[in-house]
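For reference, the structure discussed in these notes is given below.
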Amino acid sequence: MNISTSIWTWVMAACILAIFSFIYKENPIYRFAEHVFVGSTAGHAIGMAVGNIHRFGWVPLTTKNEWHFIIPAILGLMLYARFIKGYAWVSRWPIAYLVGNGVGLSLFTSLNSQAILQARATMMDLIVHDKAGKFLLNRTFDNFLLVFGVLIVLTYFIFSIPQNGPMKKVSQAGRWLMMLTFGVSFGNVVAGRISLLLGQISILLTRWLGVI
Amino acid sequence: MRREIPLLITFLVGIIFLFGPITTGNIPVLEMSFRQIVSTYLSPWTTIITAFAIGLASINLLRLHGSYVARKRSGWINSAALVISMLFFTVARIIRELRPTDPEVVAFYGRIFDNIAAPLSGAMFAILAFYIASASYRAFRARSLEASVLLVAAIIVMLGAAPVGALIWDYFPSLQRWLLAVPNTAGQRAIIIGAAIGGFATSLRILFGLERGYLGGD
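Residue numbers (this note's numbering), protein chains in the order written: chain Z, 390 to 601; chain V, 853 to 1070.
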């Protein structure tokens, strides 16, 4: 055992243990650490934001005479009109700008990368042979499952046709496939969180206590 | 005026961002392409306006917790800790941003970030494993066929990802890989396509001013 003598390592261990104390039950130490977590994260984000204004706005404006950077500065300041009674509507202009930005970007990306490219990737050979012409049962089965899996899940989302008879059965199969997908996602999330937990425990055992 | 100008701004900015990646050639009067307008003007402007918006959020946080401290509401010490840590990290990060080549400043910020913010964040996300465990216990109690499918898939993925899975049954890792690559891809792909079509429709409604919820009330 080789316990660390660094004050910073002890601070780090205290932070981790304060958060982990929640595993026993909610307690004042956990709540304190939780608030410090929110404060430190917010402070980091604010500092980064100030840095961005300085780097992308102030420096080009003052050193390269790029006067157009006055526009986002004014729009940014207009956001704070929310705090002035009777002038809160002024803050709609920068919000409208940000919404327009998001909408314009998502119109192209949602259609291109999320709809067209995904649909194109689903258009695959249903019967698969290797280069020598030998039939590949596994790949064929996988491709059938992929293509019809996408179609049956999409059927579940068709609301413009009443889901009766065979349509109901197909959409029910789509529901099962979605449950399987959610199960896989859930399993991945749990595995990821457990690996984070092991990482934190490993930090305590190596950097703080020095037992590993 | 109070609603029309914001709608016009949304439309113009949206159209420019939309045309950026799909058009080539210059706009006649401006002698610039949409792509150039986006990269030279609009994208840096967005970074700056977003930065101002973060300031707005932080003022709200300060006002809320500042009032808890001022009124000595129950748990005000936690609010004070939040305000102090927020101010401390803000000042430290700003100095770090303004003096990026000063090794002492960089080292100090690295030390407080690596030993306070990062472990708090890492531990906070790590204990979510316990939240998820309790949530899954409640979810899996629903004894339907669909819940069973979810449960079996989740167990196979977890066992396949952990070394113990291969010790229990040799085929767990390959079964996990197949579940991820084939049925999961099919389900995810269909969900992504559905969400994209929904997102596209909503974006069009916003662009043409049919959806005005973001403007708030009068």
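We put the CB at the ideal spot given by N, CA and C, even for glycine.
Along the segment 415-438 of chain Z, where does the CB come closer than 7 Å to a CB of chain V? Name the residues.
From the segment 415-438 of chain Z, only R420, F421, A422, H424, V425, F426, V427, G428, S429, T430, A431, G432, H433, A434, I435, G436, M437 and A438 have a Cβ closer than 7 Å to chain V.
Contact set between Q1040/V and chain Z, taken where Cβ atoms lie within less than 7 Å
For Q1040/V, the neighbours in chain Z by C-beta distance under 7 Å run, in chain order, T570.
Give the residues of chain Z in contact with P858/V, contact being defined as C-beta atoms less than 8 Å apart.
The answer, in chain order, is R481, W482, I484 and A485.
Counting only Cβ-Cβ distances shorter than 9 Å, please list the residues of the segment 931-948 of chain V near chain Z, keeping chain order.
Listed by position, the residues of the segment 931-948 of chain V near chain Z (Cβ gap below 9 Å) are S931, A932, A933, L934, V935, I936, S937, M938, L939, F940, F941, T942, V943, A944, R945, I946, I947 and R948.
Chain Z residues whose Cβ lies nearer than 9 Å to that of M884/V:
Residues of chain Z passing the Cβ test: none, with the nearest at roughly 12 Å.
So what does T524/Z bridge to, in DSSP terms?
Before going on, a small fix: residue 524/Z reads as Phe here, not Thr. DSSP output for F524/Z lists H518/Z as bridge partner(s).
Let's test the definition: count the other Cβ atoms within 10 Å of the Cβ of I868/V and tell me whether it reaches 16, buried, or not, exposed.
Under this definition I868/V is a buried residue.
Would you mind working out which of W397/Z, T529/Z and A510/Z sits nearest D519/Z, comparing C-alpha positions?
Per the Cα distances, T529/Z.
Which partner residues of I879/V appear in the DSSP bridge assignment?
According to the DSSP secondary-structure assignment, I879/V is paired through a beta bridge with M884/V.
Compile a chain-ordered list of the residues in the segment 897-910 of chain V whose CB is closer than 9 Å to at least one CB of chain Z.
Listed in sequence order: W897, T898, T899, I900, I901, T902, A903, F904, A905, I906, G907, L908, A909 and S910.
Rounded to the nearest angstrom, how far is the Cβ of M513/Z from that of L535/Z, given a contact under 8 Å?
Indeed they touch by this definition, with Cβ atoms about 7 Å apart.
Would you mind reading off the limits of the alpha helix (DSSP H) that contains W482/Z?
In this chain, the alpha helix (DSSP H) harbouring W482/Z covers R481 to T498.
Let me see if you follow: with CB-CB separation under 8 Å, is G962/V close to chain Z or not?
Closer than 8 Å: no.
Close Cβ partners of L934/V (< 6 Å) along its chain, the five nearest in sequence each way excluded:
Cβ neighbours of L934/V beyond the five flanking positions: H917.
Helix, strand or coil for Q589/Z, going by three-state DSSP, please let me know.
Note: Q589/Z maps to helix in three-state DSSP.
Since T862/V meets chain Z, which of its residues come closer than 8 Å, beta carbon to beta carbon?
Going along chain Z in sequence order, the residues near T862/V (Cβ under 8 Å) are A485, Y486, V488, G489 and V492.
Tell me whether E949/V is buried or exposed, calling it buried when 16 or more other Cβ atoms sit within 10 Å of its Cβ.
Buried: at least 16 other Cβ atoms inside 10 Å.
Residues in its own chain within less than 7 Å of I408/Z by CB, not counting five upstream and five downstream?
So the qualifying residues of the chain are Y419 and A422.
What's the gap between the Cα of I1044/V and the Cα of T1037/V?
If you take the alpha carbons of I1044/V and T1037/V, they lie about 10 Å apart.
Simplified DSSP state of E415/Z, which is helix, strand or coil
Of the three classes helix, strand and coil, the one that applies to E415/Z here is coil, per DSSP.
Quick one, which residues of the segment 541-571 of chain Z are near chain V if we go by CB-CB under 7 Å, in chain order?
Here the close residues are V542, L543, F546, R564, W565, L566, M567, M568, L569, T570 and F571.
Chain B contacts made by the segment 569-599 of chain Z, where a contact means CB separation under 8 Å
Chain labels in this structure do not include chain B; the protein chains are Z and V.
Taking 8 Å as the CB-CB cut-off, is T875/V touching chain Z?
Interface residue (Cβ-Cβ distance to chain Z less than 8 Å): T875/V is not classified as such.
Buried/exposed call for F904/V, threshold 16 Cβ in 10 Å:
Result: buried.
Can you give the Cα-Cα distance for I874/V and V890/V, rounded to whole angstroms?
Taking C-alpha positions only, I874/V is separated from V890/V by approximately 12 Å.
Let me check understanding here. Comparing Cα to Cα, which of G1051/V, A969/V and G1039/V lies closest to S495/Z?
Put simply, of G1051/V, A969/V and G1039/V the residue whose alpha carbon is nearest the alpha carbon of S495/Z is G1051/V.
Alpha carbon of I900/V to alpha carbon of G489/Z, nearest angstrom:
Taken atom to atom, the span from the alpha-carbon of I900/V to that of G489/Z is near 15 Å.
Please report the distance separating the alpha-carbon of T398/Z from that of N391/Z.
Those two C-alpha atoms are separated by around 13 Å.
Helix, strand or coil: which one does DSSP assign to T953/V?
In the structure shown, T953/V sits in coil (DSSP, three-state: anything other than H, G, I, E or B).
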